[in-house]
Each structure stands twice: as structure tokens, then as C-alpha cells.
Amino acid sequence: ASDSNIIQTPISFVSHFDNVNDSGIQGLLKTFRLEFLEVQAQNIKYKNENNLFANIVSCMHQPSEEDLLIESDKEVYGLRLNHSSKLDELKELELNPDGTYIISGGQGALGLVSLRLLVQKGARNIILLSRSSLKEDVHEELNALRKESNIELLKCDVSNETDVRKVKEWLSEVNWPNVKGIIHTAGVLSDAVIQNQTSETLETSYAAKVHGAHNLHDIFLPPDFLLLFSSAAATFGSAGQGNYAAANSTLDALAEKWSNNNENVLSIQWGAWSDGGMA
Numbered sequence: 001a002s003d004s005n006i007i008q009t010p011i012s013f014v015s016h017f018d019n020v021n022d023s024g025i026q027g028l029l030k031t032f033r034l035e036f037l038e039v040q041a042q043n044i045k046y047k048n049e050n051n052l053f054a055n056i057v058s059c060m061h062q063p064s065e066e067d068l069l070i071e072s073d074k075e076v077y078g079l080r081l082n083h084s085s086k087l088d089e090l091k092e093l094e095l096n097p098d099g100t101y102i103i104s105g106g107q108g109a110l111g112l113v114s115l116r117l118l119v120q121k122g123a124r125n126i127i128l129l130s131r132s133s134l135k136e137d138v139h140e141e142l143n144a145l146r147k148e149s150n151i152e153l154l155k156c157d158v159s160n161e162t163d164v165r166k167v168k169e170w171l172s173e174v175n176w177p178n179v180k181g182i183i184h185t186a187g188v189l190s191d192a193v194i195q196n197q198t199s200e201t202l203e204t205s206y207a208a209k210v211h212g213a214h215n216l217h218d219i220f221l222p223p224d225f226l227l228l229f230s231s232a233a234a235t236f237g238s239a240g241q242g243n244y245a246a247a248n249s250t251l252d253a254l255a256e257k258w259s260n261n262n263e264n265v266l267s268i269q270w271g272a273w274s275d276g277g278m279a
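Positions 1 to 279 (UniProt numbering) are the ones given, in order, by the sequence shown.
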């Protein structure tokens with residue numbers, strides 16, 4: 001049999017610039033490129049629908065690994081990382097000793113790092129949310145920190161709206177101060193290469209990260225800050241973690257949406273932590 005040539009067409013995903021529901025494709029495509037080096041894949045966003053089809057075809061004929069933005073009929077830009085002046089405007093974290101602060105994923109490595117920070121900064125009322133009961137290796141540290149702050153561990157799956165509402169009801173029943181800020185560190189890994197990903201593995205990653213963020217935001221509406229722990233996988237991809245990268249891309253988009261509504265919401269794309277925790 002004679003050899004046959006296979007012509008590969010770049011894979012392109014097109015979505016509106018402000019569509020949060022489609023934002024997860026960024027992290028997924030970044031991971032796709034790491035797992036399928038021989039296939040070109042690009043993410044195309046648009047703001048203007050004038051001659052949209054022609055502009056999309058033009059982008060596809062000039063494949064790029066950059067995310068592309070169709071700004072107008074004749075303007076297409078590559079979306080690149082750049083230093084933001086907003087970083088220079090960030091202020092030192094100031095906490096209200098009379099307020100309550102919540103940490104999701106409270107017994108994880110990043111949750112405990114956040115707990116130490118809040119105590120150090122003067123928080124006196126802290127709620128840790130965790131899907132599991134108190135872990136033996138966490139018990140001793142909590143007892144030590146309780147000498148400086150009121151700390152309660154509540155069993156709560158933040159992806160479950162009912163669970164989160166029960167936390168709010170409990171705070172009201174025991175007359176704890178109003179919630180001022182939330183640190184959302186919860187996350188669940190369900191690693192698999194893309195061809196082995198399923199709706200279940202995708203939902204596992206989205207549940208804690210995205211649904212959890214929605215529930216904490218919508219139910220508590222923290223006035224001072226909502227800090228979301230995202231991952232650099234959203235920007236650079238992570239082989240074997242396409243679902244996790246996608247969930248974090250969506251988390252970043254939520255933060256941008258809420259902050260554009262003048263809410264104090266920030267998403268931080270962490271890398272690997274030296275003392276433990278997910279990348």
C-alpha cells in the first residue's frame with residue numbers, strides 16, 4: 001500500500017470575550033497543546049461581530065499558539081502576559097478584628113497557610129470549612145492558634161449550596177460577627193490525560209473550584225474581600241490536568257467579572273508550594 005499524507009487542520013475554539021461559561025477552554029487548550037504536540041489548537045475570542053466569520057477564517061489560516069482577540073473588523077490581537085499597573089496599587093491586607101473570616105479547604109496545606117496569615121494579621125474570628133472531620137495532624141496546630149483567635153472548623157462541602165447556607169445560618173444562631181472576607185482554597189484533583197477525561201472528572205474539578213466560589217460569593221457577599229486560589233495551570237496548562245486547568249481558568253474569569261462590578265475579588269494563579277498544596 002502506498003503511503004498516505006494526513007493534512008491536519010488547526011483546532012479553533014471561538015467564544016465571546018466576556019463569556020465566563022466558555023472561559024475554561026483557555027486552560028484546557030493550553031493543556032491540549034502539551035499533550036498533543038503535533039496538533040495546532042488556538043483559542044479565538046471576539047468583541048465585535050462585524051465580518052466575524054471572515055475574521056475567524058483569517059485567524060485559522062494564520063494559526064497561532066497565542067489566544068487571539070478579534071477587537072474589530074480589522075483588528076486582531078494576540079493576548080499576552082504583561083505587567084499590570086494594578087499590582088503596584090495593591091494595599092497591605094487589613095483585617096477587622098470584629099469581623100469573621102472564612103477559609104474553604106480549611107484543613108488543606110493552603111488553607112492552613114491562609115489561617116496562619118489571618119491570625120498573624122489580627123483576625124480574631126475564623127471559620128474553617130472542610131468536607132472532612134477534624135484531622136489528627138491539624139488538631140494540635142488549631143489548639144495552638146486558638147490561644148490567639150476564635151477558630152471553628154465546620155464540616156461543609158462548598159460545592160453544595162445547602163451546606164454553605166447552613167454555615168450562614170449557624171453563624172447567625174451563635175451570634176458570630178458578620179463575615180468580612182473569604183479565602184477560597186478548596187480544590188479537588190482528578191488527574192487524567194485529555195482522552196481519558198470524562199464528564200465526571202470535569203465536574204469533580206469544577207465542583208470545588210467554580211461551584212464553591214459561586215456559593216461563597218452569592219451567599220455571603222463578603223464586603224472586604226474574596227480571595228480565590230487559582231493555579232498557573234490556567235495560563236500555562238498542565239499535562240494530565242486539563243480539567244483542573246479549565247476549572248481555574250473559569251475561576252479567574254469569575255474574579256474578573258465580579259471585580260468589574262466593583263467588588264473586591266482577586267484570583268491568584270499560584271505555582272507549586274514548597275510546603276505542600278496543589279499547583
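Glycine is no exception: its CB is placed at the ideal position from the N, C-alpha and C atoms. All values reported here derive from a predicted model rather than from experimental measurement.
Could you pull out every residue in the same chain whose Cβ sits closer than 6 Å to the Cβ of Val167, ignoring the five residues on either side in sequence?
Leu154, Cys156
Would you mind stating whether Gly78 and Ser249 have Cβ atoms separated by less than 9 Å?
no
Which class does Ala192 belong to by DSSP, given the choice of helix, strand or coil?
strand
For Thr100, is the classification buried or exposed, using 16 other Cβ atoms within 10 angstroms of its Cβ as the cut-off for buried?
Label assigned to Thr100: buried.
Within its chain, find whatever has a CB closer than 6 Å to the CB of Gly181; leave out the 5 residues flanking it on each side and keep chain order.
So the qualifying residues of the chain are Tyr101, Pro222, Asp224, Phe225.
Where do the ends of the alpha helix (DSSP H) carrying Asn48 lie?
Looking at the DSSP string, Asn48 is not in any alpha helix (DSSP H), and its letter there is neither H nor E.
Select from Leu251, Glu263, Asn260, Ser259 the residue whose C-alpha is nearest the C-alpha of Gln269.
Nearest C-alpha to Gln269: Leu251.
Got a sec, what are the start and stop residues for the alpha helix (DSSP H) Phe17 sits in?
The continuous stretches of alpha helix (DSSP H) do not include Phe17, and DSSP gives it neither H nor E.
Which one or two residues does DSSP pair with Gln269 in a beta bridge?
Looking at the DSSP assignment, Gln269 forms a beta bridge with Ser230.
Go through its chain and collect everything with a Cβ distance to Ala255's Cβ below 7 Å, but skip five positions before and after it.
The answer, listed in chain order, is Leu228, Val265, Leu266, Ser267.
Taking all protein chains shown into account, decide if Asn261 is buried (16 or more other Cβ within 10 angstroms of its Cβ) or exposed.
exposed
What is the DSSP secondary structure of Asp224, reduced to helix, strand or coil?
Coil, per DSSP.
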